[in-house]
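K.L.:
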């Protein structure tokens, strides 16, 4: 110790030094935490952009596949517009990723090419020109690349979401996506477009309520227009009968308002809603534990049909179904004079361990059920069939009412078709104009019907 330094002075210096160390440590901790927050914020932003990009590319793949089977100008024009929108959105999301243009040039080139292709098609269709077989082949080729691209994006998204790649290494992962196949051969596409040099993959989307369910809650309940209001006591009695419970065992819950106001009641694991207008069962759920499956889809469908007949829902046709957690949920649509009314949707959930009905929803039926009629003579099925793409083989046909974007309905012929590549395709032809209203791609799996 310095002989000129007093003990008090030494303690003072030591205190200053300790305070300085604490100050520097706190500062370093604050800076570290700020850096961590910045990195987390950046990572969330990259993940969101990647998810949005993946969604857009998935939509591109579906639109390109439908374009192969579109056979009338309005449907083709609609698909061209969809391709333009999704390609534009995809380019926006791509720009949000932490890379330069060069690092994702192959992906960017592909997305731009789809946008150019859509503009080319739109201009040709607006001039009344037909799409050639070579241009149809371009739909197929572009669709194959879009299909593979989305798989690569999904894989990368999963890796990032699981935290397998720290944010500091994310850029390298994105770079790999572009570099993996940049040296592959580039096939030629007619119509003067440059080819992309990426190979990608994708899977279809499960449509839980069927393809015509989006509009169900967007209007006032047609079926209940003339129905009288019921009291909560009357609704409670209806609920008890439906649940096979004593009225005194039910507890009153908070009801719902909106376009379809309902009373709500509970009894143990069971809950049920009854429409305030008319007193109809809107929905029921039994949330009990489900054991091992003993029934298959056919057995569940038999239980559901018996339930619907007993509940007063005649003339219902099975459409789509899904099996999840040993519950088979089946969608039924009302049939009027042989025509399926897809808006009149009823869903029945059957427990595969016992065949018990554990869920029920009649929202679509209550919102839309009414007697349909048209003020024109529908075209023949032969005339409608002529509008189906020659690339498809018709296997079955039926009449149906499908909702339009204006919350109205259109009488259509539904053609179940097969394609040379094994695709199962539903084509809906307007029964008045013979134009295509909708095209759906079907896939069957052990757990339900997949629709694109």
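In the numbering used here, the protein residues as written are 95 to 546.
For glycine and all other residues, C-beta sits at the position ideal for the given N, C-alpha and C.
Note that the coordinates shown come from a computational prediction; the quantities given were computed from them, not determined experimentally.
Tell me whether the beta-carbon of residue 315 lies closer than 9 Å to the beta-carbon of residue 354.
P.N.:
Contact flag set, yes.
K.L.:
Counting pairs of beta carbons, one from the region 450 to 457 and one from the region 367 to 385, are three or more of them closer than 8 Å?
P.N.:
Contact holds: three or more Cβ-Cβ distances are below 8 Å.
K.L.:
Have a look at residue 175 and residue 142 and give me their C-alpha separation to the nearest angstrom.
P.N.:
Taking the straight line from one Cα to the other gives about 25 Å.
K.L.:
Per DSSP, what kind of secondary structure is residue 438 in: helix, strand or coil?
P.N.:
Three-state DSSP puts residue 438 in a strand.
K.L.:
Excluding the five sequence neighbours on either side, which residues of its own chain have a C-beta within less than 7 Å of the C-beta of residue 181, listed in chain order?
P.N.:
Result list for residue 181: 154, 205, 208, 209, 212, in chain order.
K.L.:
If you reduce the DSSP assignment to three classes, tell me which class residue 369 lands in.
P.N.:
If DSSP states are grouped into helix, strand and coil, residue 369 belongs with the strands.
K.L.:
Taking the CB atoms as reference points, tell me whether residue 201 and residue 236 lie closer together than 9 Å.
P.N.:
Contact: no.
K.L.:
Could you tell me whether the region 458 to 467 touches the region 426 to 441, using the rule of 3 or more Cβ pairs below 8 Å?
P.N.:
A contact exists between the region 458 to 467 and the region 426 to 441.
K.L.:
Which class does residue 155 belong to by DSSP, given the choice of helix, strand or coil?
P.N.:
It is helical.
K.L.:
Quick one: give me the first and last residue of the beta strand (DSSP E) that residue 339 is part of.
P.N.:
That residue, residue 339, is in no beta strand (DSSP E); it is neither H nor E in DSSP.
K.L.:
With a threshold of 16 other CB atoms inside 10 Å of the CB of residue 530, please say whether the residue is buried or exposed.
P.N.:
It counts as buried.
K.L.:
Taking DSSP as the reference, what is the three-state secondary structure of residue 323?
P.N.:
Three-state result, residue 323: strand.
K.L.:
Could you please give the first and the last residue of the uninterrupted beta strand (DSSP E) stretch that includes residue 360?
P.N.:
Note, residue 360: beta strand (DSSP E), 356 to 361.
K.L.:
Quick one: Cα of residue 292 to Cα of residue 148, how far?
P.N.:
At residue 292 the pLDDT is 35, less than 50, meaning the model places this residue with poor confidence and gives no usable figure here.
K.L.:
Could you say which of 516, 518, 542, 492 lies nearest to residue 525 if we only look at CA atoms?
P.N.:
Considering only alpha carbons, the answer is 492.
K.L.:
How long is the line joining the alpha carbons of residue 294 and residue 239, rounded to whole angstroms?
P.N.:
Model confidence at residue 294 stands at a pLDDT of 31, short of 50, so the residue's coordinates are unreliable; what they give is reported in the following sentence. Cα-Cα distance, rounded: 6 Å.
K.L.:
Tell me residue 427's beta-bridge partners as DSSP assigns them.
P.N.:
Beta-bridge pairing links residue 427 to 411, 439.
K.L.:
Just how far apart, CA to CA, sit residue 394 and residue 364?
P.N.:
About 20 Å.
K.L.:
CB-CB under 7 Å to residue 301, same chain, minus the five flanking residues each way: which ones, in chain order?
P.N.:
Annotation note: pLDDT 36 at residue 301 (below 50); position unreliable, coordinate value reported separately. Cβ neighbours of residue 301 beyond the five flanking positions: 414, 545.
K.L.:
For residue 417 versus residue 541, is the C-beta distance shorter than 9 Å?
P.N.:
Yes. Within cutoff.
K.L.:
Which value, in whole angstroms, describes the spacing of the CA atoms of residue 397 and residue 222?
P.N.:
Taking the straight line joining both Cα atoms gives about 52 Å.
K.L.:
Of the residues 539, 543, 538, 534, which one's Cα is nearest the Cα of residue 157?
P.N.:
Of 539, 543, 538, 534, the residue nearest in Cα terms is 534.
K.L.:
For residue 392, tell me which candidate among 374, 145, 449, 482 has the shortest Cα-Cα distance.
P.N.:
Nearest option by C-alpha distance: 449.
K.L.:
To the nearest angstrom, how far is it from the Cα of residue 375 to the Cα of residue 369?
P.N.:
Spanning the two alpha carbons is a distance of roughly 6 Å.
K.L.:
Let me check understanding here. Comparing Cα to Cα, which of 165, 327, 475, 505 lies closest to residue 467?
P.N.:
Residue 505 is the option with its Cα nearest to residue 467.
K.L.:
Could you tell me the distance, in whole angstroms, from the CA atom of residue 348 to the CA atom of residue 423?
P.N.:
One C-alpha to the other measures close to 26 Å.
K.L.:
Rounded to the nearest angstrom, how far is the Cβ of residue 494 from that of residue 433, given a contact under 8 Å?
P.N.:
Sure, about 6 Å apart at Cβ, within 8 Å.
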